[in-house]
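J.: Residue numbers (numbering that gives the first Met the number 0): 0 to 219.
Note that CB positions come from ideal geometry on N, CA and C, so glycine has one too.
I am attaching a structure below and will ask some questions about it afterwards.
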Amino acid sequence: MKLTLKPEGRTFRHHFSYQWWQYALIIVLSFALWNMIYTQTAYRAPGDRRIDIYVQAAEPLSDERIAVLQAIGNRVSPEVEEVNVVSVMPSGAGNMYAGVQLITYLSAREGDIYVLGTEDFKRFAAQGAFLPLDGDGVGLDFGNKNLQAGRVTTLETQEDGSEKPASKSRLFGIPLAQFPEAAQLLGLLGQDAFLSVTYYCDNPVSTLALINTMLKEEIW
Numbered sequence: 000m001k002l003t004l005k006p007e008g009r010t011f012r013h014h015f016s017y018q019w020w021q022y023a024l025i026i027v028l029s030f031a032l033w034n035m036i037y038t039q040t041a042y043r044a045p046g047d048r049r050i051d052i053y054v055q056a057a058e059p060l061s062d063e064r065i066a067v068l069q070a071i072g073n074r075v076s077p078e079v080e081e082v083n084v085v086s087v088m089p090s091g092a093g094n095m096y097a098g099v100q101l102i103t104y105l106s107a108r109e110g111d112i113y114v115l116g117t118e119d120f121k122r123f124a125a126q127g128a129f130l131p132l133d134g135d136g137v138g139l140d141f142g143n144k145n146l147q148a149g150r151v152t153t154l155e156t157q158e159d160g161s162e163k164p165a166s167k168s169r170l171f172g173i174p175l176a177q178f179p180e181a182a183q184l185l186g187l188l189g190q191d192a193f194l195s196v197t198y199y200c201d202n203p204v205s206t207l208a209l210i211n212t213m214l215k216e217e218i219w
């Protein structure tokens, strides 16, 4: 099965090229830490054979929940060797590193799925970091859920280098408030959180299949 999705990353890349001065310092300062975290000697499955989920939460996901996600990944696609979950620091007053962490991860093209709070989701979605989930070929089954909260208007680059809002909004994030089972599995029941897929995802077919299962089954 070939999934054809139009990447929405051009604006995201353009944002960094024209506003590099806002991020250069914090990325340089955080690179050493990022490198320490991701330098591994153990085998790591290639990007097209694993699904990496980055969850913004105050507490790391339990081993039991991670095992459930791994089982779903194995069930929806035998090619998936690993389902990894990485905890992302929540944004908020007094937590300046949280923004640096997210920028570093996204700039390094880390992660297939991001589960973020409202503010961070809308900010990075507007910059083109995520795939539209309402396009042809996505194949997600949302039922009759209200997904309006997950719609965002991206910024489009003009010929003169300026940016202006796109003509219409797109669905870039799934509001987990509408899917309590999935929210509970991710340890986010009762919280405002949005599930998104990165525009550079190496394994979109398996990633979307995993999401579809999370949304429609009572798995927790």
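Give me the Cα-Cα distance between residue 124 and residue 104, rounded to the nearest whole angstrom.
T.: The residue given as residue 124 occupies position 125 in the sequence shown. The residue given as residue 104 occupies position 105 in the sequence shown. Cα-Cα distance, rounded: 15 Å.
J.: From 61, 144 and 53, pick the residue whose C-alpha is nearest to that of residue 100; which is it?
T.: Within the sequence shown, numbered from 1, the residue matching residue 100 stands at position 101. Among 61, 144 and 53, the Cα nearest to that of residue 100 is on 53.
J.: Any idea if residue 43 is buried or exposed, counting beta-carbon neighbours within 10 angstroms, 16 or more meaning buried?
T.: Along the sequence shown, one-based indexing puts residue 43 at 44. So residue 43 ends up on the exposed side.
J.: Looking only at DSSP bridge pairs, what is residue 83 linked to?
T.: For the purposes of this step, residue 83 is taken as the residue at position 84 of the sequence shown. Per DSSP, 51.
J.: How big is the Cα-Cα spacing for residue 198 and residue 177?
T.: As a first step, residue 198 must be located in the sequence shown, where it is residue number 199. As a first step, residue 177 must be located in the sequence shown, where it is residue number 178. Spanning the two alpha carbons is a distance of roughly 23 Å.
J.: Starting from residue 207 and walking both ways along the alpha helix (DSSP H), at which residues does that stretch end?
T.: Counting from one through the sequence shown, the residue named residue 207 turns up at place 208. Taken as a continuous stretch (DSSP letters only), the alpha helix (DSSP H) holding residue 207 covers 203-215.
J.: Among all the DSSP beta bridges, which residues are the ones paired with residue 59?
T.: In the sequence shown, residue 59 corresponds to position 60, counting from 1. Note: residue 59 sits in no beta bridge, so no partner.
J.: Which complete alpha helix (DSSP H) runs does the region 114-156 hold, if anything under 4 residues is left out?
T.: The qualifying runs are 117-125.
J.: Whose C-alpha, out of 160, 152, 156 and 175, is nearest the C-alpha of residue 167?
T.: Sequence index remark: in the sequence shown, residue 167 carries index 168 (1-based). Here the closest residue by C-alpha is 152.
J.: Can you name the residues that DSSP bridges to residue 163?
T.: Stepping through the sequence shown from its first residue, residue 163 is reached at position 164. For residue 163, which the question treats as bridged, DSSP gives the partners 155.
J.: With contact counted as at least three CB pairs below 8 Å, one residue from each stretch, are the region 128-135 and the region 60-75 in contact?
T.: No, the region 128-135 does not touch the region 60-75.
J.: Whose CA, out of 165, 164, 189 and 163, lies closest to the CA of residue 175?
T.: Numbered from 1 along the sequence shown, position 176 holds the residue referred to as residue 175. With distances taken between Cα atoms, residue 175 lies closest to 189.
J.: With a threshold of 16 other CB atoms inside 10 Å of the CB of residue 20, please say whether the residue is buried or exposed.
T.: Your numbering for residue 20 matches position 21 in the sequence shown. Confidence in residue 20 is poor, its pLDDT being 48 and thus under 50, which makes the residue's placement unreliable; the coordinate value appears in the next sentence. Its Cβ having fewer than 16 others within 10 Å, residue 20 is exposed.
J.: Suppose you measure from the CA of residue 62 to the CA of residue 161; what does that come to, to the nearest Å?
T.: Mapped onto the sequence shown, residue 62 falls at position 63. Mapped onto the sequence shown, residue 161 falls at position 162. C-alpha separation (whole angstroms): 46 Å.
J.: Could you check which residue in 106, 112, 84 and 97 has the C-alpha nearest to that of residue 204?
T.: Numbered from 1 along the sequence shown, position 205 holds the residue referred to as residue 204. Closest option to residue 204, Cα to Cα, is 112.
J.: For residue 146 versus residue 173, is the C-beta distance shorter than 8 Å?
T.: The sequence position of residue 146 within the sequence shown is 147, counting from 1. The sequence position of residue 173 within the sequence shown is 174, counting from 1. In this structure, residue 173 lies closer than 8 Å to residue 146 by Cβ.
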